[in-house]
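Participant: First, the structure itself, so that you have it in front of you.
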Amino acid sequence: MDKPLPTDWSTAATAERRNTFYAASQKKFVPFKEPMVFRKGAMQYLWDVEGKRYIDLLAMNVCISVGHSHPKVVKAAMDQAQDLTHCTTMFYHPVPAHFAEELAATMPKGQEWVVHFTNSGSEAIDLAMVMARTFTGHLDLLALRTAYHGPTSAAQSVTGIAAFRHPGMPGNVAFVAEPNQYRGVYGATVDPYLDEIEQAIAAATTGRVAGILVESVQGYGGIIEMPKGYMSGAAERVRAAGGLYIADEVQSGFGRTGDHMWGFEQDGVVPDIVVLAKGIGNGFPLGAVVARKAIGDVMAEKFMFHTYGAHPTSCAAGRAVLQVIREERTQQNAKAVGAVLLERLKDLQQRHKAIGDVRGRGLMLAIEMVKDRKSKEPDAETTAAVFEKCRDQGLILSKSGPNRSVLRMVPPMCLSLEDVDQVAEGLDRAFNEVAT
Ligand SMILES: Cc1ncc(COP(=O)(O)O)c(C=O)c1O
Numbered sequence: 001m002d003k004p005l006p007t008d009w010s011t012a013a014t015a016e017r018r019n020t021f022y023a024a025s026q027k028k029f030v031p032f033k034e035p036m037v038f039r040k041g042a043m044q045y046l047w048d049v050e051g052k053r054y055i056d057l058l059a060m061n062v063c064i065s066v067g068h069s070h071p072k073v074v075k076a077a078m079d080q081a082q083d084l085t086h087c088t089t090m091f092y093h094p095v096p097a098h099f100a101e102e103l104a105a106t107m108p109k110g111q112e113w114v115v116h117f118t119n120s121g122s123e124a125i126d127l128a129m130v131m132a133r134t135f136t137g138h139l140d141l142l143a144l145r146t147a148y149h150g151p152t153s154a155a156q157s158v159t160g161i162a163a164f165r166h167p168g169m170p171g172n173v174a175f176v177a178e179p180n181q182y183r184g185v186y187g188a189t190v191d192p193y194l195d196e197i198e199q200a201i202a203a204a205t206t207g208r209v210a211g212i213l214v215e216s217v218q219g220y221g222g223i224i225e226m227p228k229g230y231m232s233g234a235a236e237r238v239r240a241a242g243g244l245y246i247a248d249e250v251q252s253g254f255g256r257t258g259d260h261m262w263g264f265e266q267d268g269v270v271p272d273i274v275v276l277a278k279g280i281g282n283g284f285p286l287g288a289v290v291a292r293k294a295i296g297d298v299m300a301e302k303f304m305f306h307t308y309g310a311h312p313t314s315c316a317a318g319r320a321v322l323q324v325i326r327e328e329r330t331q332q333n334a335k336a337v338g339a340v341l342l343e344r345l346k347d348l349q350q351r352h353k354a355i356g357d358v359r360g361r362g363l364m365l366a367i368e369m370v371k372d373r374k375s376k377e378p379d380a381e382t383t384a385a386v387f388e389k390c391r392d393q394g395l396i397l398s399k400s401g402p403n404r405s406v407l408r409m410v411p412p413m414c415l416s417l418e419d420v421d422q423v424a425e426g427l428d429r430a431f432n433e434v435a436t
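Per our numbering, numbering through the sequence shown is continuous, rising by one, with the last residue being 436.
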């Protein structure tokens, strides 16, 4: 081949090009005041163009499950890409077929599970919605406030955060209060939130529903864990109205919560449909809908063709991710290291009055900033200030939640105990500098 195309790595030139040639829709959502260009990643670390190292507590929006450029995942994908980069699902290929079998084996026993691969989480959400509506013959869906399910038109329609909702999305979605145990409308309880599901079905639907979508732990919503009894209670109520329980495991899956491979297992609920993406490919674009076979089967009436669905290169990466999770005990690491980090965050809460709440499990953690611990008024300004200071400390976090008042920590699951020291000390210094 001739010389590779030149790439200008300078931050200023990259910012200028983005600014000129990206559409507003692609350039608006940026974390820091000043642009940041990453040049390299390895496991839980990132390096910017100046060579500064960061601990990545955001994992590229939770996509990096087992580590940046994990050598086993990269090798599996490169080997496949070299042989045959793509093969559409019209033709048969063993790699996605193996991966479907391997994913199905991770689901609760006693059901026959089938898999439909997509390229992204929102495409998978979209498909799950179509499946639920087709299978039940009902149109109305339920979703939770502060849920984030993606940018496609259908996924936006079940997203309960106004900043991500645009004009023209489809309707037939009734929203119910998220069971936020820190600041939820019914407080730290479960039953009133479940009652609201019944009330919403009675008042805002035809009375017969297609289903409910629930993130087992709300991610972008600010690490809102579904309390014990909520997921199973929600499934019971929705099934009584003819609907399905759809678990969105895009952020909470693949062992991230520590105790289980899938977040819904925490409550013993067996979903009808499970939506996967992000960590499934460790950075390779991939999503999947895993459904009970009977639900998958209703889709045989019409064609549903994703050009890049069941992409062999992404699926080769996905197979390697499952293998690494097993071999390198990443779920166990998420549990152990996450527990230590949680304690360190609670310790910070003792010393910094801006921290109103510390929560989460495994490596899905958050601290929420408030102006006053009694009134719990969200403090987006302090959150943004600490977030910027963390950059200087070599920490990449995420400003999350509907009020942008939550610092979310969802690192690659290989985070170590030494990293935890750096995270806790870096956060402490950032809080001190902001003087909270
Ligand atoms: C819980 C959840 N579901 C779905 C999606 C949509 O996934 P994607 O961005 O791959 O379309 C996201 C993305 O952030 C998510 O966090």
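For every residue, glycine included, the Cβ atom is placed at its ideal position computed from N, Cα and C.
Closest to Lys-52 by CA distance: which of Ile-64, Arg-39, Leu-58, Ala-132 is it?
Facilitator: Numbered from its first residue, the sequence shown carries residue 52 at position 52. The candidate whose alpha carbon is nearest that of Lys-52 is Arg-39.
Participant: Compute the minimum distance between the beta carbon of Ala-163 and the heavy atoms of ligand 1, and state whether it is under 8 angstroms.
Facilitator: Residue mapping note: residue 163 aligns to position 163 of the sequence shown, counting from 1. Result no, Cβ not under 8 angstroms from ligand 1.
Participant: With respect to 8 angstroms, is the separation between the Cβ of Lys-278 and the closest non-hydrogen atom of ligand 1 below this value?
Facilitator: Counting from 1 along the sequence shown, the entry for residue 278 is found at position 278. The answer is yes for Lys-278.
Participant: Taking only heavy atoms of ligand 1 into account, decide whether any of them is closer than 8 angstroms to the Cβ of Tyr-308.
Facilitator: Sequence index remark: in the sequence shown, residue 308 carries index 308 (1-based). Answer for Tyr-308: no, Cβ out of range of ligand 1.
Participant: Are the CB atoms of Arg-256 and Asp-272 within a distance shorter than 9 angstroms?
Facilitator: Numbered from 1 along the sequence shown, position 272 holds the residue referred to as residue 272. Numbered from 1 along the sequence shown, position 256 holds the residue referred to as residue 256. Taking 9 angstroms as the Cβ cut-off, Asp-272 and Arg-256 do not qualify as a contacting pair.
Participant: With distances taken between CB atoms, is the gap from Val-250 to Leu-286 smaller than 9 angstroms?
Facilitator: Within the sequence shown, residue 250 is the residue found at index 250, counting from 1. Within the sequence shown, residue 286 is the residue found at index 286, counting from 1. No, the pair does not count as a contact, with Cβ atoms beyond the cut-off.
Participant: Assuming the contact rule is C-beta atoms closer than 8 angstroms, Val-337 and Ser-416 should be a hit. Round their C-beta distance to whole Å, please.
Facilitator: For the purposes of this step, residue 337 is identified with residue 337 of the sequence shown, where counting begins at 1. For the purposes of this step, residue 416 is identified with residue 416 of the sequence shown, where counting begins at 1. About 7 angstroms separates the two Cβ atoms, so the contact holds.
Participant: Within its chain, find whatever has a CB closer than 6 angstroms to the CB of Lys-335; leave out the 5 residues flanking it on each side and keep chain order.
Facilitator: Here residue 335 refers to the residue found at position 335 when the sequence shown is read from its first residue. Gly-258, Gly-362.
Participant: Pairs of beta-carbons, one from the segment 299-319 and one from the segment 175-192, closer than 8 angstroms: are there three or more?
Facilitator: Contact between the segment 299-319 and the segment 175-192 is absent, because fewer than three Cβ pairs lie under 8 angstroms.
Participant: Quick check for students: name the residue ranges of the alpha helix (DSSP H) that lie wholly in the segment 230-286, counting only runs of 4 or more.
Facilitator: Entirely contained in the segment 230-286, the alpha helix (DSSP H) runs reaching 4 residues are, in chain order, 230-240.
Participant: Thinking C-beta only, is Leu-244 closer than 9 angstroms to Phe-135?
Facilitator: To locate residue 135, count along the sequence shown from 1; it is residue 135. To locate residue 244, count along the sequence shown from 1; it is residue 244. Closer than 9 angstroms, so yes.
Participant: If you draw a straight line from the alpha carbon of Val-62 to that of Val-410, how long is it in whole angstroms?
Facilitator: Position 62 of the sequence shown, counted from the start, is the residue given in the question as residue 62. Position 410 of the sequence shown, counted from the start, is the residue given in the question as residue 410. Cα to Cα, the separation comes out at about 6 angstroms.
Participant: Report yes or no: do three or more beta-carbon pairs, one from the segment 29-46 and one from the segment 65-72, lie closer than 8 angstroms?
Facilitator: Yes, since at least three Cβ pairs between the segment 29-46 and the segment 65-72 fall closer than 8 angstroms, the two stretches touch.
Participant: Would you identify the three-state DSSP class for Arg-361, choosing helix, strand or coil?
Facilitator: Start at 1 with the first residue of the sequence shown, and residue 361 comes out as number 361. Three-state result, Arg-361: strand.
Participant: Distance check for Glu-236 and Thr-14, CA to CA, integer angstroms please.
Facilitator: For the purposes of this step, residue 14 is taken as the residue at position 14 of the sequence shown. For the purposes of this step, residue 236 is taken as the residue at position 236 of the sequence shown. When rounded, the distance between both Cα atoms is 51 angstroms.
Participant: Taking the alpha carbon of Arg-429 as the reference point, which residue from Glu-101, Arg-329, Leu-348 has its own alpha carbon closest?
Facilitator: Within the sequence shown, numbered from 1, the residue matching residue 429 stands at position 429. Cα-wise, what sits closest to Arg-429 is Leu-348.
Participant: In angstroms, rounded to a whole number, what distance separates the CA positions of Met-304 and Asn-172?
Facilitator: Counting from 1 along the sequence shown, the entry for residue 304 is found at position 304. Counting from 1 along the sequence shown, the entry for residue 172 is found at position 172. Between Met-304 and Asn-172, the C-alpha separation is close to 22 angstroms.
Participant: When the distance is taken between beta carbons, is Thr-85 closer than 9 angstroms to Asp-140?
Facilitator: Position 140 of the sequence shown, counting from 1, holds the residue named residue 140. Position 85 of the sequence shown, counting from 1, holds the residue named residue 85. In this structure, Thr-85 does not lie closer than 9 angstroms to Asp-140 by Cβ.
Participant: For the beta strand (DSSP E) containing Ser-398, name the first residue and the last one.
Facilitator: Taking the sequence shown and counting its residues from 1, one reaches residue 398 at position 398. Counting along the chain, the beta strand (DSSP E) containing Ser-398 begins and ends at 398-400.
Participant: From what residue to what residue does the alpha helix (DSSP H) around Thr-189 run?
Facilitator: In the sequence shown, the residue the question calls residue 189 occupies position 189. First-last for Thr-189: undefined, no H or E at that position.
Participant: Considering only the alpha carbon of each residue, which of Ala-380, Thr-159, Asp-8 lies closest to Ala-174?
Facilitator: By 1-based counting over the sequence shown, the position of residue 174 is 174. Out of Ala-380, Thr-159, Asp-8, Thr-159 has the C-alpha closest to the C-alpha of Ala-174.
Participant: Can you tell which of Ala-300, Asn-19, Glu-225, Val-420 has the C-alpha that lies nearest to the C-alpha of Asp-357?
Facilitator: Here residue 357 refers to the residue found at position 357 of the sequence shown. If we check each option's Cα against that of Asp-357, Glu-225 comes out closest.
Participant: Let me check you understand the geometry: is the CB of Gly-150 closer than 8 angstroms to at least one non-hydrogen atom of ligand 1?
Facilitator: Taking the first residue of the sequence shown as position 1, residue 150 is located at position 150. Yes, since a heavy atom of ligand 1 falls inside the 8 angstroms radius drawn around the Cβ of Gly-150.
Participant: With Val-423 and Leu-57 assumed to form a contact (beta carbons below 8 angstroms), what rounded beta-carbon distance in angstroms separates them?
Facilitator: Within the sequence shown, the letter at position 423 stands for residue 423. Within the sequence shown, the letter at position 57 stands for residue 57. Contact holds; Cβ gap of about 7 angstroms.
Participant: Of all the options Trp-47, Ile-355, Gly-279, which has the alpha carbon lying nearest to the alpha carbon of Ile-396?
Facilitator: Position 396 of the sequence shown, counting from 1, holds the residue named residue 396. The residue with the shortest Cα to Cα distance from Ile-396 is Trp-47.
Participant: Is it true that the segment 382-398 meets the segment 20-40, where meeting means three or more beta-carbon pairs spaced less than 8 angstroms apart?
Facilitator: Taking 8 angstroms as the limit for Cβ pairs, the verdict is that the segment 20-40 does touch the segment 382-398.
Participant: Give me the Cα-Cα distance between His-98 and Gly-318, rounded to the nearest whole angstrom.
Facilitator: Along the sequence shown, one-based indexing puts residue 98 at 98. Along the sequence shown, one-based indexing puts residue 318 at 318. Distance between the alpha carbons of His-98 and Gly-318: 10 angstroms.
Participant: Around the C-beta of Ala-143, are 16 or more other C-beta atoms found within 10 angstroms, so that it is buried, or is it exposed?
Facilitator: What you label residue 143 is simply residue 143 of the sequence shown in a count that begins at 1. Buried, because 16 or more other Cβ atoms sit within 10 Å of the Cβ of Ala-143.
Participant: Under 7 angstroms Cβ to Cβ from Met-299, same chain only, skipping five residues before and after it: list those, please.
Facilitator: Counting from one through the sequence shown, the residue named residue 299 turns up at place 299. Cβ neighbours of Met-299 beyond the five flanking positions: Met-131, Thr-134.
Participant: Please classify Leu-5 as buried or exposed, where buried requires at least 16 other C-beta atoms within 10 Å of its C-beta.
Facilitator: Here residue 5 corresponds to residue number 5 of the sequence shown, with the count starting at 1. Leu-5 should be labelled exposed.
Participant: Just to confirm before moving on: does the CB-CB distance between Ala-366 and Gly-401 stay below 9 angstroms?
Facilitator: Counted from its first residue, the sequence shown places residue 366 at position 366. Counted from its first residue, the sequence shown places residue 401 at position 401. Cβ distance < 9 angstroms, so Ala-366 and Gly-401 count as in contact.
Participant: Compare the beta carbon distance of Ile-295 and Ala-288 with 9 angstroms and say whether it is the shorter of the two.
Facilitator: Residue mapping note: residue 295 aligns to position 295 of the sequence shown, counting from 1. Residue mapping note: residue 288 aligns to position 288 of the sequence shown, counting from 1. Cβ atoms of Ile-295 and Ala-288: not closer than 9 angstroms.
Participant: What are the boundary residues of the beta strand (DSSP E) that includes Gly-211?
Facilitator: Here residue 211 refers to the residue found at position 211 when the sequence shown is read from its first residue. Its beta strand (DSSP E) spans residues 211-215.
Participant: Using the beta-carbon count (16 or more within 10 Å), is Asn-432 buried or exposed?
Facilitator: On the sequence shown, residue 432 is found 432 positions in, with the first residue counted as 1. The residue in question, Asn-432, is exposed, as its Cβ has fewer than 16 Cβ neighbours within 10 Å.
Participant: If you draw a straight line from the alpha carbon of Val-73 to that of Glu-178, how long is it in whole angstroms?
Facilitator: One-based indexing of the sequence shown puts residue 73 at position 73. One-based indexing of the sequence shown puts residue 178 at position 178. The alpha-carbon atoms of Val-73 and Glu-178 are separated by roughly 36 angstroms.
Participant: In whole angstroms, what separates the C-alpha of Arg-239 from that of Gly-211?
Facilitator: Residue mapping note: residue 239 aligns to position 239 of the sequence shown, counting from 1. Residue mapping note: residue 211 aligns to position 211 of the sequence shown, counting from 1. Going by the C-alpha atoms only, they are around 8 angstroms apart.
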